[in-house]
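S.K.: A single structure is presented below for examination.
Number of protein chains: 2
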Amino acid sequence: MRVLGIDPGLTRCGVGVVDGSVGRPLSMVDVGVIRTSSDLPVAERLVTIEKGLDAWLDEHRPDAVAVERVFARSDSSTIMGTAQASGIALVVAARRGLPIAMHTPSEVKAAVSGNGRADKAQVGAMVVRILRLTELPKPADAADALALAITHVWRGSASNRLEAAVAQQQALAKAQKQKMRTR
Amino acid sequence: MRVLGIDPGLTRCGVGVVDGSVGRPLSMVDVGVIRTSSDLPVAERLVTIEKGLDAWLDEHRPDAVAVERVFARSDSSTIMGTAQASGIALVVAARRGLPIAMHTPSEVKAAVSGNGRADKAQVGAMVVRILRLTELPKPADAADALALAITHVWRGSASNRLEAAVAQQQALAKAQKQKMRTR
């Protein structure tokens, strides 16, 4: 399974591609940042992000896209730009019919480090270890995108396995009921 | 000048097209709302808004687009969806190279009713009067989109006229300087 993780932002939009599945080592395919200048109008910056994300999808053909879920926080002046960038990320992926998941920052921290309140350094160290990198990609947005992709491989697969198990149980129960009726 | 006003929203995205110029009566060309169901994933809803806005631009070929400027307010649970929808509106217009302006709600109120703190009813009554309608289009998002378009015709033209006057003054001053030098 190949996942493109997107950490949306207007100035720096982190992107990271991870290959892997649960129980096997994950590997980093590519990582980077789409940058836009704050001198440009917001609309142009969003178009740059759209084109950049399209290029990443064209190049890496992921099976799924994981986008950080953005929350309204009154203490952040950049939240509107982040929300707008996340909207672009969702549209770019949805236009291609790709499965999209949104993970909150604490979900990502919990998945990668085992602690939903882990700090940046802890999460970064785990990203390096999980992907067997020699150093943490910079800037932080790039590393965060990798953490999102890792989270999605693990959580996505976990919930898929759970769903599969539930479906199997239900199928078994149904089969038993039918067996009892036909007796 | 033809302006498409967009009042961004995830559930209801208001759209209104106004023809006109300063000093002449404005006219409504079309008004409506792009709706998306809250049962659908956000990404699909944003794609629906994108397609809807593209269709409005294809049909009406405006000279400019006016989008309501969204602010982060901690008291609103819908602000993230609104910001994402506004991002889509900006990208759809910017991809076509259309001039884009963003107006705040109080700028719109001030332009349309003369009072930046006017209530919905006052603004609505002025939209009806300015566009010589028989009744106010519903829902409120549709009426707000018209108010945005009106604001843009008036403010855009006003600032254009101001710029033109300033440019004329500067050209005159330059010409006089040159005249003095050549004496």
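Here the protein sequences line up with chains A and B, keeping their order. Each residue of the first sequence is one higher than the last, beginning at 2 in our numbering. Each residue of the second sequence is one higher than the last, beginning at 2 in our numbering. Even glycine gets a Cβ: it sits at the ideal position worked out from N, Cα and C. Quick caveat, the model's predicted, so the values are computed rather than measured.
Compare the C-beta of Leu147(A) against all C-beta atoms of chain B and say whether one is closer than 8 Å.
M.R.: Sequence index remark: in the first sequence, residue 147(A) carries index 146 (1-based). Leu147(A) does not count as touching chain B.
S.K.: Where Pro138(A) and Phe72(A) are concerned, what is the direct C-alpha to C-alpha distance, given to the nearest angstrom?
M.R.: Indexing the first sequence from 1 puts residue 138(A) at position 137. Indexing the first sequence from 1 puts residue 72(A) at position 71. Those two C-alpha atoms are separated by around 25 Å.
S.K.: Let me check one thing: in DSSP terms, what residues is Met103(B) bridge-paired to?
M.R.: As a position in the second sequence, residue 103(B) is number 102, starting the count at 1. Partner(s): Val68(B).
S.K.: Can you confirm whether the stretch 148–158 of chain A touches the stretch 5–14 of chain B when touching is taken to mean that 3 or more C-beta pairs between the two stretches lie within less than 8 Å?
M.R.: The stretch 5–14 of chain B vs the stretch 148–158 of chain A: no contact.
S.K.: Does DSSP put Leu132(A) in a helix, a strand or coil?
M.R.: Here residue 132(A) corresponds to residue number 131 of the first sequence, with the count starting at 1. Note: Leu132(A) maps to coil in three-state DSSP.
S.K.: Can you check whether the CB of His153(B) is closer than 8 Å to the CB of Val4(B)?
M.R.: If you number the second sequence from 1, residue 4(B) lands on position 3. If you number the second sequence from 1, residue 153(B) lands on position 152. Yes. Within cutoff.
S.K.: Hey, how far is the Cα of Gln123(A) from the Cα of Ser114(A)?
M.R.: As a working mapping, residue 123(A) is identified with position 122 in the first sequence. As a working mapping, residue 114(A) is identified with position 113 in the first sequence. Rounded to the nearest angstrom, the two C-alpha atoms are 7 Å apart.
S.K.: Just grab the DSSP bridge partners of Asp20(B) for me.
M.R.: As a working note, residue 20(B) is residue 19 in the second sequence. Looking at the DSSP assignment, Asp20(B) forms a beta bridge with Arg3(B) and Ser28(B).
S.K.: Buried or exposed for Thr37(B), going by 16 or more other Cβ atoms inside 10 Å?
M.R.: Translated into positions along the second sequence, residue 37(B) becomes position 36. It counts as buried.
S.K.: Comparing alpha-carbon positions, which option in Glu60(B), Ala141(B) and Ala150(B) lies nearest Leu132(B)?
M.R.: Position 131 of the second sequence, counted from the first residue, corresponds to residue 132(B). Among Glu60(B), Ala141(B) and Ala150(B), the Cα nearest to that of Leu132(B) belongs to Ala150(B).
S.K.: Just to confirm, are Val68(A) and Pro140(A) a CB contact at a threshold of 8 Å?
M.R.: Against the first sequence, residue 68(A) aligns to sequence position 67. Against the first sequence, residue 140(A) aligns to sequence position 139. No. Outside cutoff.
S.K.: So Ala44(A) contacts chain B; which residues on that side make the cut at Cβ distance below 8 Å?
M.R.: One-based indexing of the first sequence puts residue 44(A) at position 43. Those within 8 Å of Ala44(A) in chain B are Leu91, Val92, Ala94, Ala95 and Ile101.
S.K.: With distances taken Cα to Cα, identify the nearest neighbour of Ser28(A) among Ala56(A), Ala143(A), Val129(A) and Asp145(A).
M.R.: Translated into the one-based positions of the first sequence, residue 28(A) becomes position 27. The option with the nearest alpha carbon to Ser28(A) is Val129(A).
S.K.: Which residues of chain A have a Cβ atom closer than 7 Å to the Cβ of Glu51(B), listed in chain order?
M.R.: In the second sequence, the residue the question calls residue 51(B) occupies position 50. Those within 7 Å of Glu51(B) in chain A are Val92.
S.K.: Can you tell me whether Glu51(B) is buried or exposed, with buried defined as 16 or more other CB within 10 angstroms of its CB?
M.R.: To locate residue 51(B), count along the second sequence from 1; it is residue 50. Buried.
S.K.: Which chain A residues are close to Ala119(B), counting only those with a beta carbon under 7 Å from its beta carbon?
M.R.: By one-based count along the second sequence, residue 119(B) stands at place 118. Under the 7 Å cutoff, chain A gives no residues; its nearest Cβ is about 24 Å from Ala119(B).
S.K.: Looking at the structure shown, is Arg156(B) part of a helix, part of a strand, or coil, going by DSSP?
M.R.: Along the second sequence, read from residue 1 onward, the residue named residue 156(B) stands at position 155. Arg156(B): helix per DSSP, three-state reduction.
S.K.: Quick check: is the beta carbon of Gly88(B) nearer than 8 Å to any beta carbon in chain A?
M.R.: What you label residue 88(B) is simply residue 87 of the second sequence in a count that begins at 1. Closer than 8 Å to some Cβ of chain A, the Cβ of Gly88(B) qualifies, so yes.
S.K.: State the start and end residues of the unbroken alpha helix (DSSP H) segment that holds Thr79(A).
M.R.: Within the first sequence, numbered from 1, the residue matching residue 79(A) stands at position 78. Counting along the chain, Thr79(A) falls outside any alpha helix (DSSP H), and DSSP gives it neither H nor E.
S.K.: When we look at the beta-carbon of Lys110(A) and count the other beta-carbons within 10 Å, is it buried (16 or more) or exposed?
M.R.: Locating residue 110(A) in the first sequence gives position 109, where the first residue counts as 1. Looking at its Cβ environment, which holds 16 or more other Cβ atoms inside 10 Å, Lys110(A) is buried.
S.K.: Around the C-beta of Pro26(B), are 16 or more other C-beta atoms found within 10 angstroms, so that it is buried, or is it exposed?
M.R.: For this step, residue 26(B) is matched to residue 25 along the second sequence. Label assigned to Pro26(B): exposed.
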